[in-house]
């Protein structure tokens, strides 16, 4: 795990990847952090089975984002992190998947560094890896795909910035996160760039 400044009895923050929903995919370091936490600020995609593995008296606050419902602004999440860390608490910022794969973990790490808050980062298994493995689909294969691309399809503007010609190249696996709403656009752009319609 990446750590800066030794974690002490004073306040600290641990960015933890909760994996793809299956509590069995938690790492031992993630489980340790959940059992040491005073407060857990968790995302909407974190499963109840993962939250149940936390220390029983740890306060749990949902700070997730949703396109259609309850949503907490990133600035408010930063305020909560700072408030609890300055109060001497061990804060776990629990994120679905991996903190650094479309999870704003990079922004939160920059915030911690800027404010001199001791931190640790514990990676998690991202959805693309877990889903493919559970489905028995190799993401790379020497006969078919020599590279893997993780792509956000969160909104139309993110789709507009992609290099579709590069993505349409053969022998690579494309994984789209948050892509259900944009699926028709994704298929159309890939086909226009030369991918087979059966893609």
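Residue numbers (full-length UniProt numbering): 1 to 199.
We treat Cβ as the ideally placed atom computed from N, Cα and C, and that holds for glycine.
Note that the structure is a prediction, hence the values are computed from the model and not measured.
Neighbourhood of residue 156 by C-beta, 8 Å cutoff - its chain only, sequence neighbours within 5 removed | 182 and 185
For residue 145, which residues of its own chain have a beta-carbon under 6 Å away from its beta-carbon, when the five flanking residues on both sides are left out?
-> 171, 172 and 173
Relative to the C-alpha of residue 103, which residue among 148, 133, 53 and 154 is closest?
-> 154
Decide yes or no for the touch test of the region 88–108 against the region 34–44: beta carbon pairs closer than 8 Å, at least 3 of them.
-> yes
Work out the CA separation of residue 42 and residue 14 for me, nearest whole Å.
-> 12 Å
Touch test, the region 190–198 against the region 158–168, Cβ-Cβ under 8 Å, three pairs minimum | yes
Proximity of residue 21 and residue 49 at Cβ, strictly below 9 Å = yes
Meets three-Cβ-pair contact criterion under 8 Å: the region 98–117 and the region 68–83 | yes
Nonlocal neighbours in the same chain, by C-beta distance under 7 Å from residue 33, ignoring five residues either side | 14, 16, 92 and 122
Identity of the residue in 138, 127 and 45 nearest residue 95 by Cα = 45
Which parts of the region 107–167 are runs of the beta strand (DSSP E), unbroken and 3 residues or longer, counting only runs that do not cross its ends?
-> 119–122 and 147–152
Would you give the residue range spanned by the beta strand (DSSP E) that residue 90 belongs to?
-> 90–95
Give the DSSP-derived three-state secondary structure of residue 188 in the structure shown.
-> helix
For the beta strand (DSSP E) that contains residue 62, what are its first and last residues?
-> 59–62
Have a look at the DSSP bridge pairing and note the partners of residue 12.
-> 90
Continuous beta strand (DSSP E) stretch holding residue 199: start and end | Counting along the chain, residue 199 falls outside any beta strand (DSSP E), and DSSP gives it neither H nor E.
Buried versus exposed call for residue 12 [16 or more other C-beta atoms within 10 Å across all chains shown] = buried
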